[in-house]
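Beneath this line is the structure, given in structure tokens, with notes to follow.
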Amino acid sequence: MAKQVVTVCPYCGAGCLMTLTVEAGKIKKVSPFGKGDRFLCAKGKKIMDFVYSPLRLDAPLVRQGDTFKRVSWGEALDIVASRLSEIKDKYGPDSIGFMGSGCFTNEELYIYQKFVRAVMGTNNIDSCARICHIPSLKALMKSIGSATMSNTMDEISNTEVIFIAGYNPEVCHPRLYHRQIKAAKKKGSKIIVMDPRITSVAEMADVFLQLKPGTEVPILNSMANIIIQEDLVDELFIQRRTEGYDELKRQVEKYSPEYAAKISDVPAMSIIAGARLYAASRNSVILWGMGMTQHICGVDNVSALINLALLTGNIGRPNTGLSPVRGQNNVQGASFIGALPDVFPGYKQVTDPAAQEWFKSLWGVASLPEEPGRTSTVFLPGVLEGKTKALYISGENPAVSQANLNLIRKALAEVEFLVVQEVFMTETAQFADVILPACTFAEKGGTYIRLDRAVQLLNPAVSPAGESLPDWKIIQMLASKMGYGNLFPYHSEFDIHEELRKAVPDLAGITYERLQDGNAIHMPCPDPSHPGVLVRYTDVFPRPGGRALFVPVDFTPPAESPDEEYPFTLTTGRDARHFNTSTIACPRERAGRAYLEIHPQDAEALGLSDGDAIEAVSRRGKVVLEAKITERVRPGVTFAPLRRCCESSINLLTGNALDPVAKTPEYKVSAIKLNQV
Ligand code: SF4
């Protein structure tokens with residue numbers, strides 16, 4: 001007899017609910033679930049391709065020369081436990097780097113960071129958040145005191161003005177695009193888009209700011225200046241709820257629309273129109289993505305956006321707010337539950353003595369590492385400096401996702417010991433000494449945090465394929481092998497969740513029982529009778545003194561600009577047919593061929609026709625791509641999506657210059673040259 005299991009799509013942070021129809025232990029059908037808001041995009045509908053992919057890992061593997069040998073779980077974990085212990089003893093705990101995943105459940109993230117801190121004795125733990133929204137976290141923490149989305153996804157459809165900065169919702173979060181943004185537009189909302197490329201949302205914009213990549217701050221500072229000069233500020237809000245206004249006012253004075261236009265190539269009139277539209281409405285919301293964060297000034301870019309919301313009082317009320325739109329299904333969890341080198345679960349700083357005492361007592365350990373660890377963007381290349389001796393990579397694919405891939409692949413090849421815990425044989429797994437097979441979302445339980453802070457429940461539908469196991473179980477077994485089984489006494493995801501509720505007061509009220517039947521609860525939710533919070537910061541901001549802070553920022557040019565030798569700018573992003581590096585999703589064949597968008601004017605100068613093969617070369621590497629001639633990009637600018645294909649991964653070209661605070665690489669601006677093949 002068929003059973004129906006309600007669970008959550010594992011692809012993006014929009015968190016669509018789905019019903020899996022299971023017969024004879026196999027998923028037969030996937031359908032949208034929900035009351036009135038049933039939605040699954042093409043990726044969600046094709047979920048069976050992922051669960052039943054022939055590329056799934058179904059047994060532990062150990063390297064034997066150039067190939068891998070199947071071994072038992074006991075053998076694999078013995079090797080991992082003894083090699084990690086040896087390396088820890090010989091070089092110290094900080095010689096090992098751990099990468100957790102934005103696709104883990106909260107329970108898995110919790111147990112993973114506990115293992116790294118309490119068993120391995122290091123804070124060298126990081127996740128994909130490093131290469132996406134850590135700049136948002138840093139900027140929001142400084143200005144607002146909390147790093148989550150301020151309002152809910154549903155409210156976006158009721159807002160008057162939507163400012164979309166460096167974000168392509170159609171391909172990143174199809175539900176948000178189709179159900180919120182398009183619905184809002186239909187109801188009469190105005191849209192401002194700031195993007196170097198004409199995306200589908202740019203086509204429906206009322207004001208489109210097609211900037212030169214890397215010139216966000218001049219435009220945003222100029223908008224702030226216009227809002228101040230034209231007295232469009234919310235004075236009462238500034239007086240009662242903020243600090244640092246005078247410093248901001250002084251900083252943005254020099255950013256006239258003409259000055260910003262000169263740097264960004266966006267007409268001054270468009271900047272003025274954008275500022276007026278955003279500030280004059282009763283309710284404006286800002287959504288931003290990696291077009292804002294993946295720069296050497298990613299933190300500054302986000303601070304400049306936050307300043308606009310604070311100037312106009314567009315935060316702390318329904319249908320307004322600040323929305324860092326996180327990409328992967330649980331990257332909000334990866335960051336909030338502490339798969340980061342500087343925070344425990346609940347964004348508690350590892351340097352905070354009170355947080356140290358709290359977690360030591362909860363976990364029953366005498367000591368925890370007190371210094372922030374290294375980020376993945378530092379400990380991965382750290383192999384080549386002799387500082388990193390072992391890597392444990394779970395649910396991430398740095399051999400495709402990191403910037404400057406020739407350097408990263410060299411590090412993966414040279415590291416003394418590499419463990420990969422994965423669902424598929426990824427490009428990163430090819431470098432591993434030991435591969436531990438993990439199961440998919442459909443084979444385990446747990447919770448995810450949606451992009452708008454809503455916690456949702458995952459229900460297991462079928463048994464894990466082959467010998468694969470849930471990630472939490474693998475970590476628990478490894479901890480036992482290392483003699484720390486007493487710290488991980490869990491029988492199920494439920495037990496871990498109960499400890500997580502104790503560890504993080506904002507999750508204390510969210511029980512599995514309350515999440516049944518597709519129910520979502522927006523954290524913070526401090527007790528089981530609390531309904532959760534839809535609109536945050538209605539009276540105070542969670543900063544000392546309760547006020548939000550204006551953070552003045554100045555323009556920092558990109559680390560690399562086009563020159564005579566490398567005359568084009570490359571910017572990167574996604575397209576609708578694939579999911580990140582495809583680690584957990586769309587099969588390679590469906591992702592299509594790797595391509596480079598190029599403006600017709602540039603194509604003509606190079607004698608290129610649509611579909612021609614072209615070699616793109618940066619100072620770090622080269623790839624052959626298919627030319628796609630389009631006016632979506634400006635002359636001089638090219639665009640390529642992230643691709644799994646090893647030999648044409650666009651990150652062979654991108655540079656690893658880092659934001660000094662967030663340590664996020666500047667994926668969005670690289671100088672390249674183009675050669676005919
Ligand atoms: Fe899954 Fe996102 Fe598509 Fe929804 S919009 S079905 S969560 S990929």
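Numbering (full-length UniProt numbering), first residue to last: 1 to 677.
Glycine included, every Cβ here is placed at the ideal spot set by N, Cα and C.
Verify the contact flag: residue i, CB atom, against every heavy atom of the ligand SF4, threshold strictly below 8 Å.
i	result
Asn329	yes
Arg175	yes
Gly545	no
Cys128	no
residue 697	Because the chain spans 1 through 677 in this model, residue 697 falls outside it and cannot be assessed.
Gly44	yes
Leu167	First, the residue type needs correcting, since residue 167 is Tyr and not Leu in the sequence shown. Because no heavy atom of the ligand SF4 lies under 8 Å away, the Cβ of Tyr167 does not count as near it: no.
Cys16	yes
Cys103	no
Cys132	no
Tyr245	no
Cys525	no
Tyr667	no
Tyr11	yes
Out of the options, which one is the CA nearest neighbour of residue i?
i	options	result
Gly291	Gly316, Gly321 and Val325	Val325
Ser281	Leu311, Tyr255 and Gly483	Leu311
Gln294	Asn307, Leu20 and Gly214	Gly214
Lys46	Met18, Asn397 and Lys35	Met18
Leu368	Val462, Ala118 and Pro505	Ala118
Leu340	Lys187, Lys444, Gln421 and Lys138	Lys138
Ser95	Phe336, Gln349 and Ser376	Ser376
Cys172	Glu160, Cys132 and Val30	Cys132
Glu155	Leu534, Trp288 and Pro353	Leu534
Ser136	Ser150, Asn124, Asn123 and Ile125	Ser150
Lys663	Thr320, Asp66, Gly446 and Gln402	Gln402
Pro345	Ala42, Tyr11, Glu107 and Asn656	Glu107
Asp265	Gly655, Tyr667 and Arg634	Arg634
Pro562	Ile191, Ala354, Phe50 and Ala671	Ala671
Val504	Ser323, Phe359 and Tyr255	Phe359
Met48	Lys29, Ala76 and Leu507	Lys29
Val51	Gln516, Phe379, Ala465 and Phe639	Ala465
Lys254	Arg56, Thr122, Val299 and Ala224	Ala224
Gly25	Gly44, Met1, Gln239 and Pro381	Met1
Ser394	Ala366, Phe379, Ala429 and Gly382	Ala429
Can you tell me which residues form a DSSP beta bridge with residue i?
i	result
Asp239	Note that residue 239 is Gln in the sequence shown, not Asp. Gln239 pairs with nothing; no bridge assigned.
Glu615	Val624 and Asn675
Ser143	DSSP output for Ser143 lists no bridge partner at all.
Ala403	Beta-bridge pairing links Ala403 to no other residue.
Val633	Arg197
Phe568	Ile672
Gly573	Pro641
Excluding five sequence neighbours on each side, which residues of the same chain lie with their C-beta closer than 6 Å to the C-beta of residue i?
i	result
Val193	Ile164, Val201, Ala202, Ala205 and Phe208
Ala268	Pro257, Glu258 and Ala261
Asn675	Glu615
Asn319	Glu155, Asn158, Thr159 and Asn283
Arg152	The displayed chain sequence assigns Thr, not Arg, to residue 152. For Thr152, where only same-chain residues beyond five positions count, the Cβ hits under 6 Å are Asp452 and Leu534.
Ile226	Ile272 and Ala275
Kindly indicate which three-state DSSP category residue i falls into: helix, strand or coil?
i	result
His178	helix
Cys9	coil
Pro372	coil
Gly244	coil
Thr293	helix
Gly327	coil
Ile496	helix
Phe431	helix
Pro257	helix
Pro218	helix
Lys414	According to the sequence displayed, residue 414 carries Glu and not Lys. Glu414 falls in the helix class under three-state DSSP.
Tyr52	coil
Thr312	helix
Gln516	helix
Glu666	coil
Ser157	helix
Met18	strand
Can you find a C-beta in chain B that's less than 9 Å from the C-beta of residue i?
i	result
Tyr52	No chain B appears in this structure, which consists of one protein chain only.
Leaving out the 5 sequence neighbours to the left and right, which residues in its chain are closer than 8 Å to residue i when beta-carbon positions are compared?
i	result
Tyr627	The sequence shown places Ala at residue 627, rather than the Tyr named in the question. Excluding residues within five positions, the ones whose Cβ falls inside 8 Å are Tyr595, Leu596, Ile598, Ala603, Leu608, Ser609, Asp610, Gly611, Asp612, Ala613 and Ile614.
Gln516	Leu457
So is the beta-carbon of residue i under 8 Å away from any non-hydrogen atom of the ligand NAD?
i	result
Leu40	Of the ligands one can find in the structure shown, namely the ligand SF4, none is the ligand NAD.
Return the chain-ordered list of same chain residues with a C-beta closer than 7 Å to the C-beta of residue i, the five sequence neighbours on each side being excluded.
i	result
Gly313	Asp234 and Phe237
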